[in-house]
Amino acid sequence: MVAQQIYKILEGVKDPEIPAVSIVDLGIVRDVRVTEDGVEVVITPTYSGCPAMKEIEKNIMTELKQNGFGSVYLKTVLSPPWSSDWITPEGRRLLKESGIAPPGAAQEQLVPFPSSNQQVRCPYCDSEYTHVKSNFGATACKALYYCDNCQQPFEHFKSF
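Structure, rendered in structure tokens:
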């Protein structure tokens, strides 16, 4: 019951690089544990070295303490690494609504670049006629695409 309340609070914590989506819907929150010592929130960054993690950690602590949880502990887990498959259906919907093409299923890759044969649908017109303009968008976890149908640029959240 308390864990569900904590998850609800954490739904209000957004990724500063993708403010339309909560850290819960992005799959960053792996687990919430309530013990006699306090609350432990287990998190995994979307990629190693993600610059947003310090801000996310600060916001988790602030939100939980403002909601009456005095002893809050954060545990970062790197194995298994975060996967874009952990993004919830709601998170995918919110990405698309904000003009970011949600990732497809994660593929085994040595580097986190979209494969050249990956089909990315435009989040505005749903067209398959798109092409990559840059493997890096505003953040390292997104690529810049262009829709040949509606002629809109958009970002694509990479599959990891």
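Okay, so the sequence shown: first residue is 0 according to numbering that gives the first Met the number 0, each after it adds one.
Quick reminder that beta carbons are idealized off the backbone N, C-alpha and C, glycines included.
- Distance from the Cα of Ile-59 is smallest, within the candidate group Ile-42, Gly-48, Gly-98, for Ile-42.
- Taken through DSSP and simplified to helix, strand or coil, Glu-62 comes out as helix.
- Under the 10 Å beta carbon count, Met-0 is surrounded by fewer than 16 other beta carbons and is classified as exposed.
- Each residue's CA atom was taken as its position, placing Leu-94 and Glu-39 some 28 Å apart.
- In this structure, DSSP gives Ser-82 a state outside helix and strand, which the three-state scheme calls coil.
- Close CB contacts of Leu-73 within its chain, under the 6 Å cut and outside five residues either way in sequence, are with Val-40, Glu-56 (chain order).
- Sequence-distant partners of Met-52 (beyond 5 residues in either direction) whose C-beta falls short of 6 Å from its own C-beta, in its chain, are Pro-44.
- Membership of Val-41 in the beta strand (DSSP E) is indicated by the continuous run 37-42.
- Taken through DSSP and simplified to helix, strand or coil, Val-33 comes out as strand.
- When only Cα atoms are considered, Thr-87 and Glu-35 end up about 30 Å apart.
- If you ignore the 5 residues before and after Asp-24, its C-beta comes within less than 6 Å of the C-beta of Thr-87, Glu-89, Gly-90, all in its own chain and listed in chain order.
- Ranking Gln-118, Lys-13, Ser-70, Pro-101 by CA distance to the CA of Lys-141 puts Pro-101 first.
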